[in-house]
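Colleague:
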Amino acid sequence: MKKNEQPNEQITILDGKEDPTTEQSNGDSLEAQLASKEEETRLLIERLQRLQAEFENYKKRVSREATQLEERASDREILDFIPLYDNLQRAFASYSNETDAAAFVRGIEKIFAQFDQVLKAKGVIPFDAVGTMFDPAKHEALLSVESGEEKNTVLEEFERGYERNGRVLRPCKVKVSNGKMNAEQKEEL
Amino acid sequence: MREKIIGIDLGTTNSCVAVLEGGVPEIIPNAEGERTTPSVVAFTEAGERLVGRLAKRQAITNPKHTVASIKRKMGTDHHVKISLDGKTTEYSPEQISAMILQKLKNDAEAYLGTKITKAVITVPAYFNDTQRQATKDAGTIAGLEVMRIINEPTAASLAYGLDKSDEHTILVYDLGGGTFDVSILEIGDGVFEVIATDGDTQLGGDDFDRRIMDWLVEEYRKDTGINLEKDPSAMQRLKDAAESAKMELSSRKETTINLPYITADASGPKHLEKKLTRAKFEQMIGDLLQRSIDIVDGTLREAKKDKDSIHQVVLVGGSTRIPRVQELISERIPGKINREINPDEVVAAGAAIQGGVLAGEVDEIVLLDVTPLSLSIETLGGIATPLIERNTTIPTEKTKTFTTAENNQQSVEIHVVQGERKMATDNKSLGKFQLTGLPPAPRGVPQIDVTFNIDANGILNVTAKDKATEKTASITITESSRLDEGEIDRMRREAEEHAEEDKKKAEEIEVRNQADQLVYSVEKTLADLGDKVPQDKRGDIEADLRSLRDKLSQNANIDEVRKAMDALSKSAQQLAEQAYSQASGDAKSDPSADDATGGEDADDGGYIDAEYEDK
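Chain order of the listed sequences is B and S. Per numbering that gives the first Met the number 0, the first sequence starts with residue 0, numbered consecutively. Per numbering that gives the first Met the number 0, the second sequence starts with residue 0, numbered consecutively.
#1: In chain order, what residues of the same chain lie with their CB nearer than 8 Å to the CB of R71 of chain S, ignoring the 5 residues before and after it?
#2: For P135 of chain B, which three-state DSSP category applies?
#3: To the nearest angstrom, how far is it from the Cα of D188 of chain S to the Cα of V356 of chain S?
#4: Do A52 of chain B and P394 of chain S have their C-beta atoms closer together than 7 Å?
#5: Identify which residue in S:R210, S:A154 and S:I95 has its Cα closest to the Cα of D136 of chain S.
#6: Note down, in chain order, all residues in the segment 71-100 of chain B with a beta-carbon under 8 Å from any beta-carbon belonging to chain S.
#7: Answer yes or no: does any C-beta atom of chain S fall closer than 7 Å to that of V175 of chain B?
#8: Starting from L49 of chain S, find everything on chain B with Cβ-Cβ shorter than 8 Å and list it in chain order.
#9: Mind checking if A128 of chain B is an interface residue toward chain S, Cβ cutoff 7 Å exclusive?
#10: Consider the Cβ of T134 of chain S: report whether some Cβ of chain B lies at a distance smaller than 7 Å.
#11: In terms of alpha-carbon separation, which member of B:R105, B:A140, B:E55 and B:E148 lies closest to V23 of chain S?
#12: My output table needs one value for Y110 of chain S: the three-state DSSP class, helix, strand or coil.
#13: Below 6 Å CB to CB, which residues in the same chain sit around K464 of chain S once its five sequence neighbours on both sides are set aside?
#14: Which stretch, first to last residue, makes up the alpha helix (DSSP H) that contains T129 of chain S?
#15: By alpha-carbon positions, which one of S:D128, S:E344 and S:R290 ends up nearest to P28 of chain S?
#16: Thinking R103 of chain S and T35 of chain S are a contact (beta carbons under 8 Å), I'd like their distance in whole angstroms, please.
#17: Run down chain B in chain order and give the residues with a C-beta less than 7 Å from the C-beta of L367 of chain S.
#18: Tell me which residue opens and which closes the alpha helix (DSSP H) that V324 of chain S is part of.
#19: In chain order, what residues of the segment 446-463 of chain S put their CB closer than 7 Å to some CB of chain B?
#20: Is it a yes or a no for the segment 246-266 of chain S touching the segment 276-285 of chain S, going by three-plus beta-carbon pairs under 8 Å?
#21: Whose Cβ in chain B lies nearer than 8 Å to the Cβ of T60 of chain S?
#22: With DSSP as the reference, please indicate the residues paired to P268 of chain S in a beta bridge.
#23: Less than 8 Å between the CB atoms is what I'm expecting for I413 of chain S and K431 of chain S, so what's the real figure, rounded?
#24: Taking Cβ to Cβ, would you say I149 of chain S is nearer than 7 Å to G138 of chain S?
#25: Give a yes or no on whether the minimum CB-CB distance between K3 of chain S and chain B is below 7 Å.
#26: Since I believe S373 of chain S is in contact with P322 of chain S (beta carbons under 8 Å), could you give me their beta-carbon distance rounded to a whole number of angstroms?
#27: Sorted by chain position, which residues of the same chain lie with C-beta nearer than 7 Å to A244 of chain S's C-beta, five sequence neighbours on each side aside?
#28: Report the rounded CA-to-CA distance for L170 of chain S versus I476 of chain S, giving the unit in angstroms.
#29: So the beta strand (DSSP E) T471 of chain S belongs to, where does it begin and stop?
#30: Go ahead and pull the three-state DSSP assignment for H167 of chain S.
#31: Ignoring anything shorter than 3 residues, give me the beta strand (DSSP E) runs that lie fully in the segment 79-160 of chain B, in order along the chain.
#32: Compute the Euclidean distance between the alpha carbons of A383 of chain S and S473 of chain S, then round it to the nearest angstrom.
#33: What distance in whole Å lies between the Cβ atoms of K119 of chain B and V144 of chain B, which are believed to be in contact at a cut-off of 8 Å?
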């Protein structure tokens, strides 16, 4: 719409310059031009408002969809774990008398292996920390103690760490050596 | 596009950054994907500088070179001495804060994909000029031009849009992880003034966790004689469990803390299982909460305000999620409690709004209204079928295609209603009009486009157009947005209260509509097949047809209608199978079964039926 009107406008101006005798018609055309510009502005503002409203509504829809997607994704994840829960229930249901304790343990071992499989399929990998150097990207220090080990060596694991696709899901909670002769007092700010 | 000004809540324990996007504050997640960043800085022996989560994780191994809670030192001449490689460097609180700000800035730049050079930073209302200047200097060191320093309670009030409210006295109750602040503000001409402020720098959510932990340790000692405090691994698990129990008790009345294999003694592994009720938890932290309320009372006195002159209360800080906190406040102060925005993020959100105002972004936004209630037309069986859902930003336009409910229907009535109820009659009627002169056609064949168009002023234009004849009719409704807030609230509440029964009613009508459609399509199939249908079969089907028709005309119980429908669809299906095997033509589809799910009705001639949908 704009593109079509631009040349017209230029022609009108050129006309005016080239033909100074048409004063009256020039006045008319100025008024007409103003009216058409006002109309154009009105339409543009309306278009802007519509676009903006459409964008707002689009954003609302996207955020609704994102919530739904998240819901469905977590539904899918939960479904993968329900069979494990079912199997645990089966194990408890079958464990009625004391005599089959060994069979029960074997069953639990199977379920554990199944659990392992599910985690592996999801790319969840546990990582060990003991003996490695402390790395805050993977470890969270809960304790720092004197030991014969080199400073910053992980001595003990309180809670295992897990990673998935190169991202740390949960850092490993650890006890760290502060070096043999390194009994510093803590300084608090 | 003009440059964005970010809003930063530079907190004692955690910091948060937000930006205004399209007029709405958005929290910017950090590089680790979290929405808040621990205000911790560390210097490692490898010469690395860590900020945030990673710094916090290594704090215990590196206490001398880890700095937390630097905010408490802002504006003092305290210096942090860091000695590494035999070299000692001194850092001012401004410099340490700048490191946190720099991380927030970098993460914001990465998230937004643009360079950020300007920010609004919040400070506690009690910060003096020196502390404010120190905060500003920290920004400058971080490469940020600090466009304004604003008070945290002011930012929180801005996030709730209270600057536009006529009610001008606000109390902000900010109970964070480790600090408690209360402020009383007054607004005049959109400007906030802090009348009084007080707090406790050592009161917060961490204390509540500690109370739960202490209780667990004590209970466990009573039950087993084992002191868990000697076992750091057990204590860590207790700490995590205490925090999640606290959080769970904000939405549940009771939780179970279950920690299998918490420890072991000579007799083997030991487990911990303890029920904690909300009432018990409230009792545990009762004195702490009372302390905060005493401070509120003191602040009111200092501001020379009585509780009735507080119009609005704003809740800030994660611990305000605790229901007892909200109860205590509403028992004390009759004003409206604002708590819809995430209390961990509300200050940063308000700072981002201030940033947007300073950037001129807010002026540029053409303020657009939303439809407060859904706009619908009445369809078969009196159902309100929405074209424009509530909270849709206007101006907007929406078209849906409908059809007739009866054979040779010559006109349709468009009844426009407003509200959230499922039945049109329960909503507010805005107007009706007829589209006449439809050419004779079987039901379901005509296509009538109904378009709702609301302009920026809330004026609603409804047009109905028959696609075949291009005939149109329309109505303009000017009052659709003229409801006052009380009326809107009442209508929403009613819709919520009646949600269950309305849903049931609408489902019943849907079943009746389907039953009617089934009757219609089976009748049509019988007529189409003519004498291809064996006499005995025809008798069976006609009996089933009669039964369903009777049920419908007698307005029978919905289960009976369902049963009769099942019977008819079964016999009709056999009919279709037989007809097709006889014709032995293409037996690809089963028309009667398809139609049964179509959903139509004919008991009320004038109305149109929602059948097709266009986008």
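Just so you know, even glycine gets a beta-carbon here, dropped at the ideal spot from N, CA and C. Quick caveat: nothing in here was measured; it's all calculated off a predicted structure.
Modeller: A quick look at the data gives this:
#1: T11 and T200
#2: coil
#3: 15 Å
#4: yes
#5: If we check each option's Cα against that of D136 of chain S, S:I95 comes out closest.
#6: Answer in chain order: no residues at all.
#7: yes
#8: P135
#9: no
#10: no
#11: B:E55
#12: helix
#13: Once the five neighbours on either side are set aside, the close Cβ partners of K464 of chain S are D448 and T471.
#14: D128 to I140
#15: S:E344
#16: First, the amino acid is wrong: residue 103 of chain S is Leu here, not Arg. Contact doesn't hold; Cβ gap of about 10 Å is too wide.
#17: Q48, Q51, A52 and E55
#18: P322 to R331
#19: A455
#20: With a cut-off of 8 Å, the segment 276-285 of chain S and the segment 246-266 of chain S count as touching, because enough Cβ pairs lie within range.
#21: What T60 of chain S touches in chain B, judged by beta-carbon distance under 8 Å, is F133, A140, S143, N151, V175 and N177, going in chain order.
#22: S:A263
#23: 7 Å
#24: no
#25: no
#26: In fact, because the Cβ distance is near 32 Å, the residues do not count as touching under 8 Å.
#27: I211, T254, I256 and L275
#28: 42 Å
#29: T471 to I476
#30: In this structure, H167 of chain S counts as coil in the three-state DSSP scheme.
#31: 123-126, 138-144 and 153-158
#32: 19 Å
#33: Incorrect: roughly 34 Å between the Cβ atoms, too far for contact.
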